[in-house]
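Q: Sending over a structure as structure tokens; questions will come in a sec.
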């Protein structure tokens, strides 16, 4: 007999923010956090770590902390694009995860 267990992250939407996005002025801005759960057979059972709340715009994808400063790829303004396939990739990638070519 064996068990498949582990720790997995889960994004929780806390509430809808009432102010527009600072980047695109769209009103689909949500307060979210990433909690970590002990899971059994890929079913989250017990929360072991509560994440820090952050704001996410559903329109442009920008992520901000609650004070309004951006983090992640949003600090540079836009994500990096692959020169071959044109898809968005993280700035710290050396190769495109979609086409496999060097950036």
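Residue numbers (my numbering): 48 to 150. Beta carbons: idealized from backbone N, C-alpha and C, even for Gly. Being a predicted model, the structure only gives us computed values, none of them experimental.
Quick one: any contact between the segment 73-80 and the segment 96-115, if contact means 3 or more CB pairs under 8 Å?
A: yes
Q: With a threshold of 8 Å, are at least 3 pairs of Cβ atoms found where one atom belongs to the segment 49-62 and the other to the segment 83-92?
A: yes
Q: Any idea which residues DSSP pairs residue 83 with across the strands?
A: 56, 96
Q: Going by DSSP, name the residue or residues bridged to residue 102.
A: Answer is 78, 111, bridged to residue 102.
Q: If you drop the 5 nearest sequence neighbours on each side, which residues of the same chain put their C-beta closer than 6 Å to that of residue 124?
A: Annotation note: pLDDT 48 at residue 124 (below 50); position unreliable, coordinate value reported separately. Nothing meets the Cβ criterion.
Q: Using DSSP bridges, identify the partner residues of residue 141.
A: Answer is none; residue 141 lacks a bridge partner.
Q: Leaving aside the five residues before and after residue 63 along the sequence, list all residues of the same chain whose C-beta is less than 6 Å from its C-beta, in chain order.
A: Residues 77 of the same chain have their beta carbon placed closer than 6 Å to that of residue 63, with the five preceding and five following residues left out of the count.
Q: Just the Cα atoms here: how many angstroms apart are residue 132 and residue 49?
A: So the alpha carbons of these two residues sit roughly 43 Å apart.
Q: In the structure shown, what three-state DSSP assignment does residue 66 receive?
A: Three-state result, residue 66: coil.
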